[in-house]
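Colleague: In UniProt numbering, the protein residues as written are 1 to 435.
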Amino acid sequence: MQSLQQSLLSWPTTTVAFVATAFVAHLIVSKKHKQQPRIYFDSNATTPIDDRVYQAMIPFFTKEFGNPSSTNHWAGQVPAASIQKARQQVLQLLGLEDPTSAATPLSAVWFTASGTEADNWAIALALQNATQVPPHIVTTNVEHPAIAHYLEHLQNLGRCRVTYVPVNQEGRVDANQVLQAITKSTCLVTIQYANNETGAVQPIQEIAQYCRQHDILFHTDAAQAAGRVSMLFGENGPDMITLVGHKMGAPKGVGCLYVRPGCLQQEVNLLWGGGQEYGRRGGTENVPYLVGFGTACALASQEWQQRAQHMEAMRTLLLQLLTDGLGVDNVKANGPTDPAWRLPNTLSVGIKNVQAGALLQAVGDRVAASAGASCHTPQAQVSAVLLAMKVPTEFALGTIRLSVSHTTTKSEVEQAAAILIAAVKEQWVANNKVV
C-alpha cells in the first residue's frame, strides 16, 4: 500500500484526477449493470452453448486431441469415432436412425462450417446435376440471404433461372403454387423450413413428396427448426437439409448438409485436400465442435417437445403483456396465427408509431432483441420478408423480433415486457403521438 501511495504521489495531478474519474465512472457503470436486468430474447440470432454440449466438448480440447485421420494409433481413434457418432446423432434428429428400416449411411451427413456454406453447397450440387440448360430453380421470396443472395448472384451470371413463389400475409407459401412453378427444366426446389424473422413454418413434407415423385431435388434450410419443432422427416423427407449448430445450443462455426443417398448423379467437392469428409471437403476436422454439434442434435431430438411447450407459453405471455400494456390496436403479431404453422419461440411484433431501430437502441442494455435477421448488416428500411407479407407500413417500421428459448423464465418475460412498454411510451411522447 505504501509503495502504491508513493507511486501516486509521483504522478502529475491531471493524471491522478483522470484515473480517479475513470475509476468512479467504472463503479457507476458496474453498479448500473448489476441493478439492471439483462434479458436475452434473440435466440433466432444465436443461442448460448448448452452446458451439456460444452461438457461433451471439453475432452477434445485437451485429452482427446489427436488428428482423426491418424486412426493407426490411439490418439486419433477416439476423435475419429466421435465424428462418426456425431453423424449418427444428426441422423437420429432427422428420424433416419430407425432400427426397423434400412439404416442411412453416415456418409449422408456432410459437415460444414456454417449454414451458409451448407445452403450454397446444396445449390451447387443441384446445378451440377441439372440436365437442362439453363437450369431452373424454384424458391420463395422470404428466404434467408444464404439462399436468396446466392441465387441472385447465379442468375446475374446466367447460370440459372429462378422463380420466386410469393408467400401469403402470414408468411406461408401455398404448396400448390410451388408445384405449379415447376417446369421441365427445374433442377431444384429450395424452401426454408421455418423463417428466421417471423417463425412461419412451411409445408415441407407435402412439397418433398411431390418433388420425390417427379425426380426433382428438394432442399430445405432447417436452421431455425431444430429443437423447436419436429425434425422427423424420415425417408420421404427433403433430399437435402441444412442444420446449424449455434441455433440449437452448439458453438458457432459448425453445421451440416444432409444429402439423401442416391439422390445425386454427381457430387461437388467443396474443398480439395486431405480427403476428409469422404473426400468432399478437405481439411482437418474441428473435432470439439463436431462433438458439440452432435450432442446438441441428440438433445434436440430428445427434448424438442417439452422445449416447444415451454417456449410457446412464454411467447403467448409476452404477446399478451405487450398487447395489454400498449393497446390491442397498436400491436400486431406478424406471421401465422395457428401455432402449428409457426415456431413456438418466435414473436415478430409490429408496434404503431415507433421506429424499431430506436426502440431496440433504447432497451439494448437490458433486452437483447432484433429488428429482423441478425446474420447480416441491418438496413434502415422494412425487411424484405415483411414487404413480401404486405405488413402495413405503420406496423412494419416498428416491427421487432423477440425470440425466446427453452430456458426463458416467466420473470424474464414480465420484466422484458415492462421495459419495452415503457420505452414505446417514451417514443410516443417524444413523437407527439398520443395513443
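Glycine residues also receive a C-beta, built at the ideal position from the N, C-alpha and C atoms.
Buried or exposed, going by whether 16 or more other CB atoms sit within 10 Å of the CB of PRO166?
Modeller: exposed
Colleague: May I ask you to verify whether the region 234-241 touches the region 209-217, counting CB pairs closer than 8 Å and requiring at least 3?
Modeller: yes
Colleague: If you follow the beta strand (DSSP E) that HIS144 is in, where does it begin and where does it stop?
Modeller: Taken as a continuous stretch (DSSP letters only), HIS144 belongs to no beta strand (DSSP E), as it is neither H nor E.
Colleague: Taking all protein chains shown into account, do 16 or more other C-beta atoms lie within 10 angstroms of the C-beta of PHE61, making it buried, or fewer, making it exposed?
Modeller: exposed
Colleague: Specify the secondary structure class of THR393 as computed by DSSP and reduced to three states.
Modeller: Correct three-state label for THR393: helix.
Colleague: How should ASN195 be labelled, buried or exposed, when 16 other C-beta atoms within 10 angstroms of its C-beta is the threshold for buried?
Modeller: buried
Colleague: Mark HIS214 as exposed unless 16 or more other C-beta atoms lie within 10 angstroms of its C-beta, in which case mark it buried.
Modeller: Exposed, because fewer than 16 other Cβ atoms sit within 10 Å of the Cβ of HIS214.
Colleague: Please return the same chain residues whose Cβ sits closer than 6 Å to the Cβ of CYS263, not counting the five positions on each side in sequence.
Modeller: Hits under 6 Å: ASP239.
Colleague: If you follow the alpha helix (DSSP H) that CYS297 is in, where does it begin and where does it stop?
Modeller: 287-326
Colleague: Give me the residue from THR198, ARG172, ILE419 and LEU96 with the minimum Cα distance to THR346.
Modeller: The residue with the shortest Cα to Cα distance from THR346 is THR198.
Colleague: Run through DSSP, which three-state label would ALA194 get?
Modeller: strand
Colleague: Can you give the Cα-Cα distance for HIS149 and VAL268, rounded to whole angstroms?
Modeller: Taking C-alpha positions only, HIS149 is separated from VAL268 by approximately 20 Å.
Colleague: Cβ of ALA122 within 9 Å of Cβ of GLY255?
Modeller: no
Colleague: Between the region 176-185 and the region 419-430, do at least 3 Cβ pairs fall closer than 8 Å?
Modeller: No: the two stretches stay apart, fewer than three of their Cβ pairs being nearer than 8 Å.
Colleague: Given THR71, which residues of its chain have a CB within under 8 Å of its CB, disregarding the five upstream and five downstream residues?
Modeller: GLN77 and ALA80
Colleague: Which ranges does the beta strand (DSSP E) cover as unbroken runs of at least 3 residues, wholly within the region 222-297, from first to last along the chain?
Modeller: Counting whole runs of 3 or more residues, the region 222-297 contains the beta strand (DSSP E) stretches 240-244 and 255-259.
Colleague: Tell me whether the beta-carbon of PRO336 lies closer than 9 Å to the beta-carbon of ARG315.
Modeller: The answer is no: Cβ separation not under 9 Å.
Colleague: In or out: ILE38 buried (at least 16 other Cβ within 10 Å) or exposed?
Modeller: Note that residue 38 corresponds to Arg in the displayed sequence, not to Ile. It is exposed - the Cβ of ARG38 has fewer than 16 other Cβ atoms within 10 Å.
Colleague: Since GLY350 and GLY398 are thought to touch, with beta carbons under 8 Å apart, how far apart are those beta carbons, to the nearest angstrom?
Modeller: 5 Å
Colleague: Could you tell me the distance, in whole angstroms, from the CA atom of GLY292 to the CA atom of GLY327?
Modeller: 44 Å
Colleague: Leaving out five residues on either side along the sequence, give the residues of the same chain with a beta carbon under 8 Å from the beta carbon of ASN67.
Modeller: ALA75, GLY76, PRO79 and THR284
Colleague: Look at the alpha carbon of THR295 and the alpha carbon of ALA200, and state the distance between them as a whole number of angstroms.
Modeller: In a straight line, the C-alpha of THR295 is about 26 Å away from that of ALA200.
Colleague: Per DSSP, what kind of secondary structure is ALA418 in: helix, strand or coil?
Modeller: helix
Colleague: Enumerated in chain order, which unbroken segments of the alpha helix (DSSP H) with a length of 4 residues or greater are wholly contained in the region 92-134?
Modeller: 115-128
Colleague: Would you call PRO288 buried or exposed, if buried means 16 or more other Cβ atoms sit within 10 Å of its Cβ?
Modeller: buried
Colleague: Going by the beta-carbon positions, is the gap between THR139 and ILE204 smaller than 9 Å?
Modeller: no
Colleague: Can you name the start and end residues of the alpha helix (DSSP H) that ILE49 belongs to?
Modeller: Where ILE49 is concerned, there is no enclosing alpha helix (DSSP H), given that its DSSP letter is neither H nor E.
Colleague: Give the C-beta separation of ALA226 and LEU96 to the nearest angstrom, bearing in mind that I take them to be a contact with Cβ-Cβ under 8 Å.
Modeller: So it is not a contact: roughly 14 Å between Cβ atoms.
Colleague: Below 8 Å on the Cβ atoms is my contact criterion, and I expect THR408 with HIS246 to pass it. Report the Cβ-Cβ distance as a whole number of Å.
Modeller: Their Cβ separation, rounded to whole angstroms, is 18 Å, which puts THR408 and HIS246 out of contact at 8 Å.
Colleague: Return the chain-ordered list of same chain residues with a C-beta closer than 6 Å to the C-beta of SER30, the five sequence neighbours on each side being excluded.
Modeller: No answer about SER30 holds up, because its pLDDT of 49 lies below 50 and its placement is not dependable.
Colleague: Tell me, to the nearest whole angstrom, how far the beta carbon of TRP110 is from that of LEU257; I am working on the premise that it is less than 8 Å.
Modeller: Going by Cβ atoms, the distance from TRP110 to LEU257 rounds to 5 Å, so yes, they are a contact pair.
Colleague: Let me check understanding here. Comparing Cα to Cα, which of GLU414, LYS63, VAL404 and GLN169 lies closest to ASP324?
Modeller: GLU414
Colleague: Select from CYS187, CYS297, THR163 and GLN355 the residue whose C-alpha is nearest the C-alpha of ARG393.
Modeller: The sequence as given places Thr at residue 393; Arg does not occur at that position. Here the closest residue by C-alpha is GLN355.
Colleague: Could you give the DSSP three-state label for ILE351: helix, strand or coil?
Modeller: strand
Colleague: Going by DSSP in three states, LYS332 sits in which element: helix, strand or coil?
Modeller: strand
Colleague: Which same chain residues, not among the five before or five after LYS390, have their C-beta less than 8 Å away from its C-beta?
Modeller: GLN169
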